[in-house]
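Structure, as C-alpha cells:
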Amino acid sequence: QREEYFHWFHKAANYRGHNSFNGFMRNIRSDAIASLSAEERAALKSSIDNVPQPSSPKFTFKERAFVKKWKVDELAPVLEQGLTGRNFDRGRNLFGETKCFACHRFNNEGGGTGPDLTQVVGRFGPRDLLESLIEPSKVISDQYAAIDVFTTDGRRISGRIVNLAGDSMSVNTDMLDPNKMTNVNRNLIDTIAPSKISMMPDGLIDTLSRDEILDLVAYLYSRGDKSAKMFRKE
C-alpha cells in the first residue's frame, strides 16, 4: 500500500492546481517520508528516491548569445503604442525558452512556484510588466518573497521556506528548480530577514532581440488566445 501511495504522487504531479498546489504536494510527500522507520525507508528506497516531476510544455531551444542589457525606457514606448503583427508561436516558445514556464503557470500550463500570469493583461500595464521582467527585485510581492537565513556557523541561505518539520527547515534556493533544497537545523539559526533580492533571476530577456521581446510580451498579454488582434497580419 505504501508503494502504491508513493507511486500516486507521480500521477498527482500532473494535476492542475493553483499557485501553491505543487508545494503542498511536495510537503505531503515529505511528511509521509519523515514518518517512515529506517526499515521502511530501506524497503521503499526506489519509490522514495524516484521524485515526481510535473510534465512540462515542450519547446525548441537554441544556444543564445548575450544581446544587450535591456532597459525599461527602451521598450516601454513601443508597447504603449500597441502591439500588432506579432508571432504567437514564437512568443509561447520564448516563454518556455527563457524558463518562465518552469515557475509560472500560463493558460493551464507550467509550474506553480511563481504567480499565475494568465491574467497579467488585467494587472500590469506595459511599463509595470517590463519592470517585472527586467528589474525583478524592484518590487517583490510578499506572497513570493524570499528570506535570508543566517546561521550561527556562518552560513547564509537565501530562498523560500517550503517545509518545517521538527528542528528541520527546508529552503528552496532556486526558483527554476523546485527540488533544489537546503536543509537547515533550526537550532543553528541566528536570524531570519526578508531578502531584498527576488528569486526571479535577473537578465532573463538579455539574450532576446527587440522583436523577440515584443512577441514574448504579446504572448503574455494574449491570455493564450492565438486569434487575438495583436497577432493578425494586416
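Using my numbering, read the sequence shown as starting at -2 and increasing by one per residue.
The beta-carbon is built from N, C-alpha and C at its ideal position, and this holds for glycine as well.
Please classify residue i as buried or exposed, where buried requires at least 16 other C-beta atoms within 10 Å of its C-beta.
i       : result
Asn19   : buried
Ala31   : exposed
Ser224  : exposed
Val136  : exposed
Ile194  : exposed
Gly93   : buried
Ile131  : buried
Phe98   : buried
Leu80   : buried
Arg(-1) : exposed
Short of 7 angstroms in beta carbon distance, which residues of its chain neighbour residue i, apart from the five on each side in sequence? Order them along the chain.
i      : result
Arg124 : Val69, Ala73
Asn184 : Asp164
Phe63  : Asp203, Thr204
Val48  : Asn176
Residue j and residue i - do their beta-carbons sit closer together than 9 angstroms?
i      : j      : result
Val181 : Asn169 : no
Ser34  : Phe3   : no
Ala215 : Gly88  : yes
Ile202 : Thr148 : no
Thr110 : Pro175 : yes
Asp171 : Gly156 : yes
Ala143 : Met178 : no
Phe6   : Arg26  : yes
Leu114 : Leu76  : no
Gln50  : Ala9   : no
Identify whether residue i lies in helix, strand or coil by the three-state DSSP scheme.
i      : result
Gly109 : coil
Gly44  : The amino acid occupying residue 44 in the given sequence is Ser; Gly does not appear at that position. Ser44: helix per DSSP, three-state reduction.
Met166 : strand
Pro74  : helix
Ser129 : helix
Asp171 : coil
Pro49  : coil
Met196 : coil
Val181 : strand
Phe21  : helix
Asp187 : strand
Phe121 : coil
Arg152 : coil
Phe239 : Nothing can be reported for residue 239, as the shown portion of the chain is limited to -2 through 231.
Give every residue of the same chain whose Cβ lies closer than 8 angstroms to the Cβ of residue i, excluding the five residues on either side of it in the sequence, and list them in chain order.
i      : result
Leu91  : Leu205, Glu209, Asp212, Leu213, Tyr216
Ala29  : Tyr2, Phe3
Lys65  : Asp203
Asp145 : Arg153, Ile154, Ser155, Ile189, Ala190, Pro191, Ser192
Could you spell out where the alpha helix (DSSP H) holding residue i opens and where it closes?
i      : result
Asp86  : 85 to 94
Phe63  : Segment: none, Phe63 is in no alpha helix (DSSP H) and carries neither H nor E.
Asp212 : 207 to 218
Trp5   : -1 to 9
Determine, for residue i, whether the minimum Cβ-Cβ distance to residues of chain B falls below 9 angstroms.
i      : result
Phe103 : Included in the structure is just one protein chain, with no chain B present.
Once you ignore the five residues that flank residue i on each side, which residues in its own chain have a CB closer than 6 angstroms to its CB?
i      : result
Phe228 : Arg83, Phe85
Val117 : Leu217
Gly221 : Asn104
Ser134 : Ile194, Ser195
Arg61  : Thr204
Can you tell me where the beta strand (DSSP E) with residue i in it begins and where it stops?
i      : result
Val146 : 144 to 148
Run the proximity test for residue i: is its beta-carbon closer than 8 angstroms to any non-hydrogen atom belonging to the ligand SAH?
i       : result
Gln(-2) : Looking for the ligand SAH in the displayed structure turns up nothing, as the structure carries no ligands at all.
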